[in-house]
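Protein chains in written order, with the working numbering: chain Z, 10 to 294; chain F, 184 to 469. All residues carry an ideal CB built from backbone N, CA and C; glycine is no exception. First the structure, in the form of structure tokens, and then the observations on it.
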Amino acid sequence: MKTRTSPLRIFASPWADAAWRYAALLLMMAVTVGPFLWLLSTSLKGPGENLFAMPPVWLPAEPTLDNFVRVVETQPFFRYLANSALVAAISVVLNLLLASLAAYPLARMAFPGRQAVFVLLLASMMVPFQLLMIPVYELAITLGLANSYLGLVLPHACTAFGVFFMRQAFQNIPRAVEEAAIMEGIGRLAIWWHVLLPLTKPSLAALAVFSFIACWGDFLWPLILIDEPAYFTLPLGVNRLAASFSLDWRLVAAGTVFSMIPILIFFGFTQRFFIEGAVKGAVKG
Amino acid sequence: MRPHSPILPYLFLLPAAATLGLVVIYPALKAFGLSLTDFNMIREARWVGFDNYARLWSDPFFWNALKNSALYVAVVVPVLVVAPLFLAVLVNRALPGITFIRAVLYLPVVTSLVVSALLWKWLYEERGLLNHFLLATGITDQPVAFLTDPANALFSVMAVTIWSGLGYYMVIYLAGLQSIPRSLYEAADVDGVSAWKQTLHITLPLLKPSAAVVTVMSSIAAMKVFEEVYVMTQGGPLDASKTLVFHLYQSAFEDFEMGYASAVGVVLFFLTLALSLVNLRWLRAR
């Protein structure tokens, strides 16, 4: 039997097929990575270099880290970095904990009001944050959480998506595993911690990665809640840099590159969760 | 088997329920209530009935923002439903380096929107990289005023939303493609069905659930766009790129008209809800 290539097979030969795929993908990669490289190039150019030279200069004649030094000297970028990391870390831990606690009874127990809980969870996924932000802002102010880490964490501490996600993960565990533990007389909380959570590590990791990215990139909520630079997260810091040095793109570029380094490293280690994770999840479902 | 205590499920649910109640359910109800008041954070809110909605109806700024958001959805959603499908087909092969290529195409998704917007603001400069490219290739003979011409601003902002979303929807389609059993294609091959017909009769119908997900998610995302507008244009020039959410933000946090802004939020909620329901129904019916 002849070997299959692809549903969108244009060329009969697998070599020609691979060639046009690579060509098209190379073009698309230029579109996605090109802007990042141009930014990096800008951030490494010294004051003597014309940013608007025609034709554009991709490789700086004398690459320099001066722009980065000036950015961290004039703005507390390391503080912003620490703030972003702290807020994202607390949010991720809380979201994993609260979501997987709530997911257990929804996956495994029968109780009155279960249906109502589902409806409320679904409903809370439908409401855009932009509708909620005024009352949540008012609440945060009332609780004295303006300019605080707890305030920044508040909207990320638990997501209905996380509850559904963990419920799905628990449902994939054979009931026999849990029943054996119940026979042994082990309490439900201990089962949740010692049996269910270890068995759903891949799902917990995927949820952690997704919530980390969502929290790390959040801009609207910090923008309205925070006005003290001491509590700025990286997106706020970068935004402020662009506003205060709007004419010096070297510094804006350096600050932006600085803010991207941690997420690039994070993505480098976790990219399989985004792509393979989604692919495997669908195969299972 | 030993049954669990009847209150046990509620104890497990309590922390999540309390948190979601505090930051989602209660604020959602409160937002509807606020939209019927003249709340402004300074003095006690006063009940004004449907005045805010009446004001919306006759407010040209609201209609302009609604028009811009509608245009946003109308342009961004079709592009994000079709283009990532082609990308997914391209990367759905075990070619050498394909994992790296997928990761590179996904990169804009993990980049925060503020960074992406700044990146593009720099590319859009009058003497920036993009204009250089357009002039050098002869596509235009004048630099394009991407963000400063009211005719272009909204479309220039849309391009960033599209650029940031391509990789995300590509992965959803990729998952859909990989869940199609290979045996279907093998059987079709045996029967001598052409590649084009296989695409038409196997791949596309089986990708419908993925397309439904992409349509709903990209519609909601396009409706809620904020960061790109805030960083690149602040809604300008002449309100040409002011979207519904940006109008909401300005009303609430620059003009402190929280009651009015809540009414905009309620409209936003019903629009996103309607978009999801219409999309789902339309895609199921086909």
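Span of the alpha helix (DSSP H), counted from its first residue to its last, around Val408/F: Premise fails: Val408/F is in no alpha helix (DSSP H) and is neither H nor E.
Runs of alpha helix (DSSP H) lying entirely within the segment 368-438 of chain F, each at least 4 residues, in chain order: 378-381, 391-406, 410-415 and 427-436
Cβ-based burial, His430/F [other Cβ within 10 Å; buried from 16]: buried
Host alpha helix (DSSP H) of Phe228/Z (start-end): Looking at the DSSP string, Phe228/Z is not in any alpha helix (DSSP H), and its letter there is neither H nor E.
Near the ligand ADP: Ile281/F beta-carbon under 7 Å from a heavy atom: With respect to the ligand ADP, the structure offers nothing, as it holds no ligand at all.
Alpha helix (DSSP H) segment containing Ala27/Z, residue limits: Pro23 to Ser52
Proximal chain F residues relative to Trp258/Z, where beta-carbon distance stays under 7 Å: Trp305
Helix, strand or coil at Thr12/Z according to DSSP, with G and I counted as helix: In this prediction, Thr12/Z has a pLDDT of 45, which is less than 50 and means its spatial position is unreliable; nothing more can be read from the coordinates.
Residues that Ala189/Z contacts on chain F, provided the C-beta gap is smaller than 8 Å: Residues of chain F passing the Cβ test: none, with the nearest at roughly 10 Å.
Any C-beta of chain Z under 8 Å from that of Gly418/F: no
Supposed close pair Tyr356/F, Leu390/F - CB separation, criterion 8 Å: 7 Å
Between the CA atoms of Leu205/Z and Glu188/Z - distance to the nearest angstrom: The alpha-carbon atoms of Glu188/Z and Leu205/Z are separated by roughly 12 Å.
Spatial distance of Leu254/F from Val340/F (CA atoms): 12 Å
Chain-ordered residues of the segment 314-336 of chain F with a beta carbon less than 8 Å from chain Z: Of all residues in the segment 314-336 of chain F, His315 and Ala319 have a Cβ within less than 8 Å of some Cβ in chain Z.
Cβ neighbours of Ile281/F in the same chain (closer than 7 Å, five flanking residues each side left out): Sequence-distant partners of Ile281/F (beyond 5 residues in either direction) whose C-beta falls short of 7 Å from its own C-beta, in its chain, are Val274.
Backbone CA spacing between Glu193/Z and Leu115/Z [nearest angstrom]: 23 Å
Enclosing alpha helix (DSSP H) for Gln124/Z [first to last residue]: Arg123 to Met135 is the extent of the alpha helix (DSSP H) around Gln124/Z.
Collapsed DSSP secondary structure at Trp230/F in the structure displayed: strand
Distance between Pro243/F and Glu147/Z (C-alpha atoms, nearest Å): 28 Å
Assigned exposure category for Met63/Z - 16 Cβ within 10 Å defines buried: exposed
Within the segment 157-192 of chain Z, ranges of the alpha helix (DSSP H) (whole runs, at least 4 residues): Qualifying alpha helix (DSSP H) stretches, in chain order: 158-162, 169-180 and 184-192.
Three-state class that DSSP yields for Gly290/Z in the structure shown: Confidence in Gly290/Z is poor, its pLDDT being 47 and thus under 50, which makes the residue's placement unreliable; the coordinate value appears in the next sentence. It is helical.
Min CB distance Tyr113/Z to chain F below 8 Å: yes
Distance, Val399/F Cα to Thr151/Z Cα: 35 Å
Spatial neighbours of Lys11/Z in its chain, beta-carbon cut-off 7 Å, leaving aside the 5 residues before and after: Any reading at Lys11/Z must be qualified, since the residue scores a pLDDT of 42, below 50, and its modelled position is unreliable; the value itself is stated next. There are no such residues.
Contact list for Lys407/F against chain Z, beta-carbon separation under 7 Å: Pro137 and Gln139
Candidates Arg79/Z, Leu95/Z, Ala125/Z and Ser212/Z, of which the one nearest Phe250/Z by Cα: Residue 250/Z is actually Leu in this sequence, not Phe. When only C-alpha atoms are compared, the closest one is Arg79/Z.
CA nearest to the CA of Leu268/F, picked from Leu318/F, Glu440/F, Ile363/F and Tyr352/F: Ranking Leu318/F, Glu440/F, Ile363/F and Tyr352/F by Cα distance to Leu268/F puts Tyr352/F first.
Chain F residues whose Cβ lies nearer than 7 Å to that of Cys167/Z: Ala199, Thr202 and Leu203
Nonlocal neighbours in the same chain, by C-beta distance under 7 Å from Ile222/Z, ignoring five residues either side: Closer than 7 Å at Cβ, skipping near neighbours: no residue.
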